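The next block holds one structure in the form of structure tokens; read it before the comments.
2 protein chains.
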Amino acid sequence: VITALSGGVGASKFLAGLVRVVPASDVTAVVNTADDMVLHGLSISPDLDTVMYRLAGRDNPETGWGLAGESWTVMGALGALGGASWFALGDKDLATHLYRTQRLSEGAGLAQVTAELFAAHGVAIRALPMSEDAVRTRLTPAEPAEVAALVPELAGKELAFQEYFVRLHHAVAVTSLRYAGATDARPGPGVIEALHDAAALVVCPSNPLLSIGPIVAIREIAELLAARREDVVAVSPLVAGAAIKGPADHLMAELGHESSALGVARLYAPWAATMVIDEADAACARDIESVGMRCVVAPTVMHDVTAATHLARVVLDAGH
Amino acid sequence: VITALSGGVGASKFLAGLVRVVPASDVTAVVNTADDMVLHGLSISPDLDTVMYRLAGRDNPETGWGLAGESWTVMGALGALGGASWFALGDKDLATHLYRTQRLSEGAGLAQVTAELFAAHGVAIRALPMSEDAVRTRLTPAEPAEVAALVPELAGKELAFQEYFVRLHHAVAVTSLRYAGATDARPGPGVIEALHDAAALVVCPSNPLLSIGPIVAIREIAELLAARREDVVAVSPLVAGAAIKGPADHLMAELGHESSALGVARLYAPWAATMVIDEADAACARDIESVGMRCVVAPTVMHDVTAATHLARVVLDAGH
Chain A
2 VITALSGGVG ASKFLAGLVR VVPASDVTAV VNTADDMVLH GLSISPDLDT
52 VMYRLAGRDN PETGWGLAGE SWTVMGALGA LGGASWFALG DKDLATHLYR
102 TQRLSEGAGL AQVTAELFAA HGVAIRALPM SEDAVRTRLT PAEPAEVAAL
152 VPELAGKELA FQEYFVRLHH AVAVTSLRYA GATDARPGPG VIEALHDAAA
202 LVVCPSNPLL SIGPIVAIRE IAELLAARRE DVVAVSPLVA GAAIKGPADH
252 LMAELGHESS ALGVARLYAP WAATMVIDEA DAACARDIES VGMRCVVAPT
302 VMHDVTAATH LARVVLDAGH
Chain B
2 VITALSGGVG ASKFLAGLVR VVPASDVTAV VNTADDMVLH GLSISPDLDT
52 VMYRLAGRDN PETGWGLAGE SWTVMGALGA LGGASWFALG DKDLATHLYR
102 TQRLSEGAGL AQVTAELFAA HGVAIRALPM SEDAVRTRLT PAEPAEVAAL
152 VPELAGKELA FQEYFVRLHH AVAVTSLRYA GATDARPGPG VIEALHDAAA
202 LVVCPSNPLL SIGPIVAIRE IAELLAARRE DVVAVSPLVA GAAIKGPADH
252 LMAELGHESS ALGVARLYAP WAATMVIDEA DAACARDIES VGMRCVVAPT
302 VMHDVTAATH LARVVLDAGH
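Taken in order, these protein sequences are the chains called A and B.
The numbering of the first sequence is our numbering, which starts it at 2 and goes up by one.
The numbering of the second sequence is our numbering, which starts it at 2 and goes up by one.
This is the structure in structure tokens:
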């Protein structure tokens, strides 16, 4: 059994490759929930859904989020009412959020609801919310004026994750980031067992600060990873200092980390023994070893599922 | 200014006629909110929306609820997930509930949100929720076996209104009904002023127990109506002992009331001086007068907006 720490887009691509190497039923993903939010009363779990939709083969390859063949009737009508339409929710995608919200209101936990949704989508991997307690990434912008120019009503506020990521298009610099609630959060049901029992532990190529950071901010998870450090293989999401998608690169720099595979290695070294970096970063290998990690160089850019499958093989081999 | 107590379908038809007799801006509707519910995390106010959609000319004349030209993408996808799809929410209708829920979560009151929604729909009458406190109609079925045969999971439970009305198609007999929360509920913002200041007070042809009952279960509203009893004109929703739509007739009988215009009159007599009944019930006029009400006989079946307009004129004339 393989347990993988997972964010959204990058992780879902990697997992789609992984399930071509090992049976999907042998894969457990511990998924970031610090991007979750309640909007329009609906409980939205973006990373869980991104993983689910891609592994169901229903993801939208053009946007990187949401469902293929989506329609936008509800959002169109909401916009006509003057409602908040900055977070685009397609009609079919909305059904997922309605389902989740209703089941949560009936008393089901997020892990249970996630299992139901994955089963309904025919996805055989096990996806575990990192926590059922609310952990929420919050960011402080560097320049209030920069925020004000984009969305006046957000000026001067600490930003909720999706305000930063979607509403401001992660286009503003930030000076700090925190995972509100992480200190008291417990791992979600099954998470500790999945990390404890796994033959291999993988860190998907996800944003180190926004996706992996919240997961390891949960004390029990960090402790267990540190105890199993030798078995943890991480994939750098940064290639030649740049993120394939999203703000990982400039966010790393803004928050005082080197925006490179080495910068990622410094973050992961306390609890991961092996790092897989891209061929473009081969020159970093020596530096990464100097922070105490083994380093494997391989093609890591997942242009398609074949490339993702190859990367998954590299990662599994690196763990042995 | 005319203030009307309003349920959903029947009231909305009447109000559509009323705004052909007087300017819409002179009409205030105090609308039942005891049918409201939260489903899928969404705050749904069926009577407010039925009034809004009809006065916007956007109602679906075939169903009597929801919007014309509606699509069902979200519900279809929710059904495919195995979600609760017994309460049909069209895609465009959902936008109303998303808007309402988000604004309520931002701290706006239901009266404020209702004003925003009516304005967005271009509806000029003022609609006031009877209360912003939760008043919820609950019904106790007579025969648990009857419920179990239709929806096993509802067997043995007191029913929430929409479970009775929609999920069980108001097809089961009940032994009792209560308006949970009504004792402590305050009238919604503007309600007391609207009742106090109105030149005419009208009770729309709505279900006496399910729509008008909850409104007058709020003590301050009942007291004010009683004080203005001479000015209150009510329209019987029962014609020849039958409801035009919905369960008013059998519900009246099940709960010990005569299922007739006379039965309605007995309920309204403490706080309404005048009753408009249908020509089919002309023989009841004497009996209605015997319970202390003036009685006006007129065509009350609103086949179309012309008939509704005529009925509105009759009602306004009856108030003088």
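All C-beta atoms, glycine included, are put in the ideal place defined by N, C-alpha and C.
Since the model is a prediction, treat every value here as computed from it, not as a measurement.
Grab the span of the beta strand (DSSP E) containing residue i for me, first residue to last.
i: B:Val32; result: Val28 to Val32
i: B:Asp279; result: Thr275 to Asp279
i: A:Leu202; result: Ala201 to Val204
i: A:Ala266; result: Run containing A:Ala266: none in the beta strand (DSSP E); it sits in the alpha helix (DSSP H), Ala262 to Tyr269.
i: A:Ala5; result: Ile3 to Ser7
Counting only the same chain and skipping the five closest in sequence on each side, list residues whose C-beta sits under 6 Å from that of residue i.
i: A:Leu268; result: Pro209
i: B:Phe162; result: Asp36 and Thr138
i: A:Gly264; result: Met253 and His258
i: B:Thr4; result: Thr29, Ala195, Leu196, Ala199 and Leu202
i: B:Asp288; result: Leu263
Tell me whether the beta-carbon of residue i lies closer than 9 Å to the beta-carbon of residue j.
i: A:Asp279; j: A:Ser237; result: yes
i: B:Ala218; j: B:Lys14; result: no
i: B:Gly191; j: B:Ala112; result: yes
i: A:Ser44; j: A:Leu105; result: yes
i: B:Ala199; j: B:Arg230; result: no
i: A:Gly91; j: A:Gly67; result: yes
i: B:His171; j: A:Tyr100; result: no
i: B:Val292; j: B:Val277; result: no
i: B:Leu49; j: B:Leu140; result: no
i: B:Lys246; j: B:Gly11; result: yes
i: A:Pro142; j: A:Ala174; result: yes
i: A:Gly8; j: A:Ser207; result: yes
i: B:Pro47; j: B:Asp36; result: yes
i: B:Cys205; j: B:Leu82; result: no
i: B:Arg220; j: B:Thr275; result: no
i: B:Val136; j: B:Gly182; result: yes
i: A:Asp134; j: A:Ala78; result: no
i: B:Val302; j: B:Val234; result: no
Of all Cβ atoms in chain A, is any one closer than 9 Å to the Cβ of residue i?
i: B:Tyr100; result: yes
i: B:Ala81; result: yes
i: B:Ser44; result: yes
i: B:Thr34; result: no
i: B:Gly214; result: no
i: B:Gly123; result: no
i: B:Gly77; result: yes
i: B:Thr64; result: no
Ignore the nearest five residues each way along the sequence and tell me which others in residue i's own chain have a CB closer than 7 Å to its CB.
i: B:Ile216; result: Leu6, Val31, Asn33, Met131 and Ile222
i: B:Gly242; result: Asp250, Ser260 and Ser261
i: B:Val167; result: Trp87 and Phe88
i: A:Thr97; result: Asp50 and Leu118
i: A:Val315; result: Val277, Val297 and Ala299
i: A:Met76; result: Ser86, Ala89 and Leu90
i: A:Ala266; result: Met276, Ile289, Val292 and Met294
If you measure from the beta carbon of residue i to each beta carbon in chain B, is any gap under 9 Å?
i: A:Gln113; result: no
i: A:Leu40; result: yes
i: A:Gln103; result: yes
i: A:Ala109; result: no
i: A:Leu95; result: yes
i: A:Leu118; result: yes
i: A:Asp92; result: yes
i: A:Gly67; result: no
i: A:Gly84; result: yes
If I measure Cβ to Cβ from residue i and keep anything under 8 Å in the same chain, skipping five residues before and after, which residues do I get?
i: B:Leu129; result: Thr29, Ala30, Val31, Val32, Ala112, Thr115, Gly189, Pro190, Gly191, Val192 and Ala195
i: A:Ala227; result: Pro271 and Trp272
i: B:Val20; result: Val28, Leu56, Ala125 and Ile126
i: B:Ser72; result: Gly91, Asp92 and Lys93
What span of residues does the alpha helix (DSSP H) with residue i cover, start to end?
i: A:Ser291; result: Ala286 to Ser291
i: A:Asp318; result: Val306 to Ala319
i: B:Arg295; result: Premise fails: B:Arg295 lies in the beta strand (DSSP E), Arg295 to Ala299, not in any alpha helix (DSSP H).
i: A:Asp250; result: Ala249 to Glu255
Just checking residue i against the ligand GDP - is the residue's beta carbon closer than 8 Å to any of the ligand's heavy atoms?
i: B:Ile193; result: This structure lacks the ligand GDP, and indeed carries no ligand of any kind.
Of all the alpha helix (DSSP H) runs that stay within the bounds of the stretch 101 to 141 of chain A, which reach a length of 4 or more residues? Residue ranges of uninterrupted alpha helix (DSSP H) with 4 or more members, entirely inside the stretch 101 to 141 of chain A and ordered along the chain, are 111 to 121.
At 4 residues or longer, and completely inside the stretch 14 to 81 of chain B: list those alpha helix (DSSP H) runs for me, N to C. Within the stretch 14 to 81 of chain B, the complete alpha helix (DSSP H) runs of at least 4 residues are 47 to 56 and 74 to 81.
Return the chain-ordered ranges of every alpha helix (DSSP H) run that is complete within the stretch 141 to 167 of chain B and spans a minimum of 4 residues. List check, alpha helix (DSSP H) in window: 145 to 151.
Taking only runs of the beta strand (DSSP E) that begin and end inside the stretch 177 to 240 of chain B, which ones reach a length of at least 3 residues, in chain order? Counting whole runs of 3 or more residues, the stretch 177 to 240 of chain B contains the beta strand (DSSP E) stretches 201 to 204 and 233 to 236.
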